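**Q** Got a structure here, written out as structure tokens. Questions coming.
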Amino acid sequence: MERYQLEDESSHLDEMPLMMSEEGFENDESDYHTLPRARVTYRRRGIEWLVCGGWKFLCTSCCDWLINICRRKKELKARTVWLGCPEKCEEKYPKNSIKNQKYNIFTFIPGVLYEQFKFFLNLYFLVVSCSQFVPALKIGYLYTYWAPLGFVLAVTMIREAVDEFRRFQRDKEMNSQLYSKLTIRGKVQVKSSDIQVGDLIIVEKNQRIPSDMVFLRTSEKTGSCFIRTDQLDGETDWKLKVAVSCTQRLPALGDLFSISAYVYAQKPQLDIHGFEGTFTREDSDPPIHESLSIENTLWASTVVASGTVIGVVIYTGKETRSVMNTSNPKNKVGLLDLELNQLTKALFLALVALSVVMVTLQGFVGPWYRNLFRFLLLFSYIIPISLRVNLDMGKAAYGWMIMRDEHIPGTVVRTSTIPEELGRLVYLLTDKTGTLTQNEMIFKRLHLGTVSYGTDTMDEIQNHIINSYSQMFLQTSGNSTSSTPSRKSQSSAPKVRKSVSSRIHEAVKAIALCHNVTPVYESRAGVTGETEYAEVDQDFSDENRTYQASSPDEVALVQWTESVGLTLVNRDLTSMQLKTPGGQILTYSILQIFPFTSESKRMGIIVRDESTAEITFYMKGADVAMSSIVQYNDWLEEECGNMAREGLRTLVVAKKSLTEEQYQDFENRYNQAKLSIHDRTLKVAAVVESVEREMELLCLTGVEDQLQADVRPALEMLRNAGIKIWMLTGDKLETATCIAKSSHLVSRTQDIHVFRPVTNRGEAHLELNAFRRKHDCALVIAGDSLEVCLKYYEHELVELACQCPAVVCCRCSPTQKAHIVKLLQQHTGKRTCAIGDGGNDVSMIQAADCGIGIEGKEGKQASLAADFSITQFKHIGRLLMVHGRNSYKRSAALGQFVMHRGLIISTMQAVFSSVFYFASVPLYQGFLMVGYATIYTMFPVFSLVLDQDVKPEMALLYPELYKDLTKGRSLSFKTFLIWVLISIYQGGILMYGALVLFESEFVHVVAISFTALILTELLMVALTIRTWHWLMVVAEFLSLGCYVASLAFLNEYFGIGRVSFGAFLDVAFITTVTFLWKVSAITVVSCLPLYILKYLKRKLSPPSYSKLTS
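Counting with my numbering, you get residues 27 to 1136 for the letters of the sequence shown.
Right, dumping it as structure tokens:
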């Protein structure tokens, strides 16, 4: 640490300071945490602060304080768990139940109402509707206000209730699964939700593991089993877990109760790849201690893939790894809804201002405040209640269109409230495995230094193998001693250049032995599952063998050795057997295995050949780790680079022969290191490294992870659309970089800056400065370095990363993925989209503004948690470019048109009141008002959801069009003001026109102005539409027909309510020519100028898309 302090001091002088602001580089750590935030908080002070949202801040902080007091977070502690004795636990641990619901019986109605009235719009309507119960304020009929509000609430309630009930059913199904619990009296069936810490639970093959357990026993002879972890970390491959040897050795199940033993487990943590604990058996002499690591654990939500397992429960419910790694889903609200909410607030201010002006012009006579309130109610149509109904119906319509689109079959819309978000995305965060790639590996290349074999020359390797093994067996059958001296002479003079044949033989044998793969034989139908791992004499027939391993790369290698003639036929914890092309079985005993870790980047195995008793240490790993271990050579680095450029994942294979004495010495040191409590990993690594010296380089292998169909064009399209793509993956750095290049996420010409691993603040500072000097290069950063940088330099790192064309984060945990999404939202304020396919992507999908799940090989968890679910990555292009664009454009047009509709009628009311000595009398009576917003204009206005400005083919051909959408120009204060001016102009013209033209028969004003109003609205819809659809035409004529019919039947409404007593209009007047020409004249005056303006605008400054379509 001393060294870094010094570095820190010096860096202070010679490096550019990292802070983007003037504060400079402070050395005191505690100071530093507050700096980026301090900039924000000191801006507003005093009264201004209180008005600008201080009160909101105070309220929320009080609420948070209350909530914290109500449910104090219990501190998580390490624990000692006695086997089979839940009652011995000192603490009370959480119940083992899964809960995904948002509400319960009591909070449902208040919760949903709160979510609704949180919106200013709905709260306003509630107040207006309630005011109608006060006789002095009553205007018209109650139903004019309550019917629309009730409808909106009913629709929302029903939608929420259905969703909630589905969640409840899913949870109930999970919580009521039955498991066998082992007690002194034998097996008992117990529900998943009733399992406690300390219980001994038996889990059968293909059953979900109900809570986090330590693995005690298995029915497999080998003492190990496989589990599937796809729902936990998104990896499709099976993981090998090992039972605690002390309990595995017990003769019978019941003996678990006859021993006195306990497990000491660390406190619950987020890390799914790590665990530290000890197992102690007290009643033996001396007491047996065993160290427990990640391979002795069975985490909840994983599935047993082979045999039956018994474990002791250590964490339940909220403390299990899988629950700690999922975040609570938030209610997502689209950006468009927030913008409309802002506009409705502006409208409300306009409404208040208008009412005050009216009362002022009246001269504050009489009970003026009552009049003020009546004016507020009269003009309440400025804020349209139908806005929410129309938008919600529109959203449902977009969802239906997305699901009906035959170009993207299988797409499901799970959250119907945010389809417009698809048109506003700036950042796309994607998972790698299974999303961009298919997660299927294929062996492509074997390089021996002088020769390289590709897919087309694999048959040569096969011939070499067949020859070399047939020669070996000729030698051994001739006389068994002859093989030993030949081996001796060879090992004593290693400098002799070996023939290609023997080098291929060695390389293939190494690949066939150095791995963690187990062949699994599916038992024949009719035979019980017990014979799965029968003895060697079972026919190891090729057709029912499958390979299982913790990484698909390894399976690909072993399948390849099988294809060239050397087959892995059997494997347990202590031995493995290979079958030669001639059908002989070679047996090797496994002495040690050093598993792959992300730090060591390599795996090793020490085997003894049973026939010759020679001990060999094989090793394979990433080129960065292996280059220092193998003997000097001149080709390794260059060839690795070549393969990586082809997008292959490379592994270096090496070997070293050990004598019996060397091995014994190693084994003693290794076992001692494994038992140490402090720095166990370091000591073990040191012992292993003592053997990893001067190894003989055998070969280099290249495996390809195939990309999903059409990933490259899809990414290309998204990049052209101005979307920045970040790849967040749990995979290794090398692999992630490979895929980033081969999928063209990073273009061929771009530099890649690999962020060096940093562990403290000084290193992070230097590394960030190094990165700042690079321009236009992609960033590759590992999860742990990212954590360090975010701790000290969050603001700076995000600012730099946002300027990169592409960012790859590897070795990310599920919570880190979600954290990155939240950071982007906070720092850029832009809309983010996350796309993934495994259980490990769920928290990222839920955190993003718009989550897309792919139904992949990794199960359906991501697609169920997402807002949109697609079947292939390439569909995302059409989803965003076509459906996202249409949804946003249509909703923007629809929202503004509905506002315009309310503004026009309010303007008319204002003109009417001002002409009539500022009387607060409604211009149109009850049904006319309800009819105006519904039956007369609803269909044409709603038909705007069928409008499209660009054909889908064009939108896909020119993804650059998408960039315009992210600027949010379709709905802004500018466009809104234009609509307000149009409304005021039209409303004024209609009312004044009606008053000017009708001096003789004043009673006809209502009929004339209302007719002209309806016609104007229908024409305005026609003016707004960009592409006609036959349903739009139908809607226009239908509405007109409805209106004409109602003129005939509802003529009592077409007088001025209380002014003209009994002056009902006969149909005779409506059918006169004067009526018709006057209405037409007013309509033409109100609409024609707008048509002319629109035509000129199209001619003089056409929008970008019209240039393409002409």
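Beta carbons are placed, not taken as given, at the ideal position from N, Cα and C, and that holds for glycine. Predicted, not measured: the structure shown is a model, and the values here were computed from it.
Would you be able to state if there are at least three C-beta pairs under 8 Å between the region 780-791 and the region 695-702?
**A** no
**Q** Would you call the region 530-540 and the region 489-499 touching, i.e. three or more CB-CB distances under 8 Å?
**A** yes
**Q** Can you tell me which of Lys627, Gly249, Val229 and His770 puts its alpha carbon nearest to the alpha carbon of Arg275?
**A** Gly249
**Q** Of all the options Ser327, Glu825 and Lys217, which has the alpha carbon lying nearest to the alpha carbon of Asn256?
**A** As written in the sequence, residue 256 is Asp, which differs from the Asn given in the question. Residue Ser327 is the option with its Cα nearest to Asp256.
**Q** Assess contact between the region 720-733 and the region 669-685, defined as three or more Cβ pairs (one per stretch) separated by less than 8 Å. Is contact present?
**A** yes
**Q** Give the range of the beta strand (DSSP E) segment to which Val834 is assigned.
**A** It spans Ala832 to Cys836 - the beta strand (DSSP E) in which Val834 sits, taken as one unbroken run.
**Q** With respect to the alpha helix (DSSP H) encompassing Ala376, which residues constitute its N-terminal and C-terminal limits?
**A** Leu361 to Gln388
**Q** For Phe151, which residues of its own chain have a beta-carbon under 6 Å away from its beta-carbon, when the five flanking residues on both sides are left out?
**A** Leu175 and Ile411
**Q** Starting from Arg307, follow its DSSP beta bridges and name the residues at the other end.
**A** Ala287 and Ile314
**Q** Pull up the distance between the alpha-carbon of Trp661 and that of Leu472, whole angstroms please.
**A** Roughly 14 Å between the two C-alpha positions.
**Q** So who's on the other strand from Thr587, going by DSSP bridges?
**A** Answer by DSSP bridge pairing: none, since Thr587 is not bridged.
**Q** What did DSSP end up calling Tyr696 once you bin it into helix, strand or coil?
**A** helix
**Q** Is it buried or exposed for Glu345, if we count other Cβ within 10 angstroms and need 16 for buried?
**A** buried
**Q** Mind the definition here: the region 229-241 touches the region 581-589 only if three or more C-beta pairs lie below 8 Å; say whether that holds.
**A** Contact between the region 229-241 and the region 581-589 is not established, with fewer than three Cβ pairs separated by less than 8 Å.
**Q** Thinking C-alpha only, which one of Leu373, Leu279 and Asn126 is nearest Ser12?
**A** Outside the modelled stretch of the chain, which goes from 27 to 1136, sits residue 12, for which no answer is possible.
**Q** Let's see if you can read the secondary structure: which residues bound the alpha helix (DSSP H) around Asn148?
**A** Phe146 to Ser157
**Q** What number of angstroms, rounded off, separates the C-alpha of Cys815 from the C-alpha of Leu849?
**A** 13 Å
**Q** Under the assumption that Gln842 contacts Gly809 (Cβ atoms under 8 Å), give the Cβ distance between them as a whole number of angstroms.
**A** 5 Å
**Q** Gly756 to Pro578, Cα distance in whole Å?
**A** Their Cα atoms are separated by approximately 14 Å.
**Q** Taking only three categories from DSSP, how would you classify Ser702?
**A** coil
**Q** Please identify the residue among Arg597, Lys121 and His490 whose C-alpha is closest to the C-alpha of Leu266.
**A** In this structure, Arg597 is the residue among Arg597, Lys121 and His490 with its C-alpha nearest to the C-alpha of Leu266.
**Q** Between Cys876 and Glu447, which are expected to be in contact by the criterion C-beta below 8 Å, what is the C-beta distance as a whole number of angstroms?
**A** 4 Å
**Q** In chain order, which alpha helix (DSSP H) runs of at least 4 residues are fully inside the region 328-354?
**A** 347-350
**Q** Once the 5 residues before and after Pro161 are set aside, which same chain residues still bring their CB inside 6 Å of it?
**A** none
**Q** Can you tell me which of the three DSSP states Lys1000 falls into?
**A** helix
**Q** Assess, as a yes-or-no matter, whether the region 935-951 is touched by the region 968-986 under the definition of 3 or more beta carbon pairs within less than 8 Å.
**A** no
**Q** If we cut at 9 Å on Cβ distances, does Val908 have a partner in chain D?
**A** Absence of chain D from the displayed structure is noted, only one protein chain being present.
**Q** Is the separation between the beta-carbon of Lys470 and that of Ala648 shorter than 9 Å?
**A** no
**Q** Do Leu242 and Val338 come within 9 Å of each other at the CB atom, strictly closer than that value?
**A** yes
**Q** According to the Cβ coordinates, are Gln1012 and Cys1113 closer than 9 Å?
**A** Yes, these two residues count as a Cβ contact at 9 Å.
**Q** From Gly1019 to Val1070, what does the alpha carbon distance come to, in whole angstroms?
**A** 21 Å
**Q** On the CB-based measure, 16 or more other CB atoms within 10 Å of its CB, does His909 come out buried or exposed?
**A** When all chains shown are included, His909 counts as buried.
**Q** Keeping to the same chain, check which residues put their C-beta closer than 6 Å to that of Ser702; ignore five residues upstream and five downstream.
**A** Lys709
**Q** Cys1068 by DSSP, collapsed to three states: which one?
**A** helix
**Q** Taking the alpha-carbon positions, what's the Arg396 to Thr370 distance?
**A** Distance from the CA of Arg396 to the CA of Thr370, rounded to the nearest whole angstrom, comes to 24 Å.
**Q** Quick check: the region 1057-1069 against the region 917-935, are there 3 or more CB pairs under 8 Å?
**A** Three or more beta-carbon pairs separated by less than 8 Å are not found between the region 1057-1069 and the region 917-935, which leaves the two stretches without contact.
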